[in-house]
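Data first, discussion second: the structure below is written as structure tokens.
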């Protein structure tokens with residue numbers, strides 16, 4: 001069983017992720033974060049999970065295997081940099097960042113962390 005955290009629930013694909021995650025028996029969503037706590041709670045309820053008030057709190061959890069980032073694009077760089085620092089595997093919605101320099105910084109951090117990353 002792989003433990004994942006859903007960081008951000010703003011993206012239009014979030015309902016699809018929730019549906020697919022619920023259909024899997026090899027994944028457990030251990031937490032959901034969004035700056036909009038109502039939206040976070042709605043998705044956590046659908047996933048039989050819990051909400052967290054600060055996404056960085058779950059990154060130190062040794063049981064966390066990976067994160068899915070569905071936040072607003074302007075938050076991607078901050079989140080991805082912290083995920084890479086914590087050495088957690090990551091799937092992030094497109095676009096990766098707000099521009100080429102942001103994306104290059106994120107890719108360097110990801111490469112240095114030696115984790116799997118997909119966008």
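Residue numbers (full-length UniProt numbering): 1 to 119. Beta carbons: idealized from backbone N, C-alpha and C, even for Gly.
Item to check | Where residue 94 falls, given that 16 or more other Cβ within 10 Å makes a residue buried | outcome: As a working note, residue 94 is residue 94 in the chain shown. By the beta-carbon neighbour count (other beta carbons within 10 angstroms, threshold 16), residue 94 is exposed.
Checklist entry - Among 4, 82, 12, which residue has its Cα nearest to the Cα of residue 56? => result As a position in the chain shown, residue 56 is number 56, starting the count at 1. Nearest in C-alpha terms to residue 56, of all of 4, 82, 12, is 82.
Checklist entry - Is the beta carbon of residue 8 less than 8 Å from the beta carbon of residue 69? => result Counted from its first residue, the chain shown places residue 8 at position 8. Counted from its first residue, the chain shown places residue 69 at position 69. Yes.
Item to check | Contact check, residue 35 vs residue 65, beta carbons under 8 Å | outcome: By 1-based counting over the chain shown, the position of residue 35 is 35. By 1-based counting over the chain shown, the position of residue 65 is 65. Not a contact, by the Cβ cut-off of 8 Å.
Checklist entry - Tell me which same chain residues have a C-beta within less than 6 Å of the C-beta of residue 117, skipping the five on either side of it? => result Position 117 of the chain shown holds residue 117. Listed in chain order, the non-local C-beta contacts of residue 117 below 6 Å within the same chain comprise 90, 110, local neighbours out to five positions each way being set aside.
Checklist entry - How about residue 113 and residue 58: do their beta carbons lie closer than 8 Å? => result The residue you call residue 113 lines up with position 113 of the chain shown. The residue you call residue 58 lines up with position 58 of the chain shown. In this structure, residue 58 does not lie closer than 8 Å to residue 113 by Cβ.
Checklist entry - Roughly how many angstroms separate the alpha carbons of residue 76 and residue 63, rounded to a whole number? => result For the purposes of this step, residue 76 is taken as residue 76 along the chain shown, with counting starting at 1. For the purposes of this step, residue 63 is taken as residue 63 along the chain shown, with counting starting at 1. One Cα belongs to residue 76, the other to residue 63, and the distance between them is close to 23 Å.
Item to check | Secondary structure, beta strand (DSSP E): runs of 3+ residues fully inside the segment 17-90 | outcome: Complete beta strand (DSSP E) runs here, min 3: 27-33, 66-69.
Checklist entry - Quick one, which of 49, 31, 2, 39 has its alpha-carbon nearest residue 25's? => result Along the chain shown, read from residue 1 onward, the residue named residue 25 stands at position 25. Of the listed residues, the one whose Cα sits closest to residue 25 is 2.
Checklist entry - Taking the DSSP output, what are the residues bridged to residue 96? => result Counted from its first residue, the chain shown places residue 96 at position 96. Partner(s): none; residue 96 has no beta bridge.
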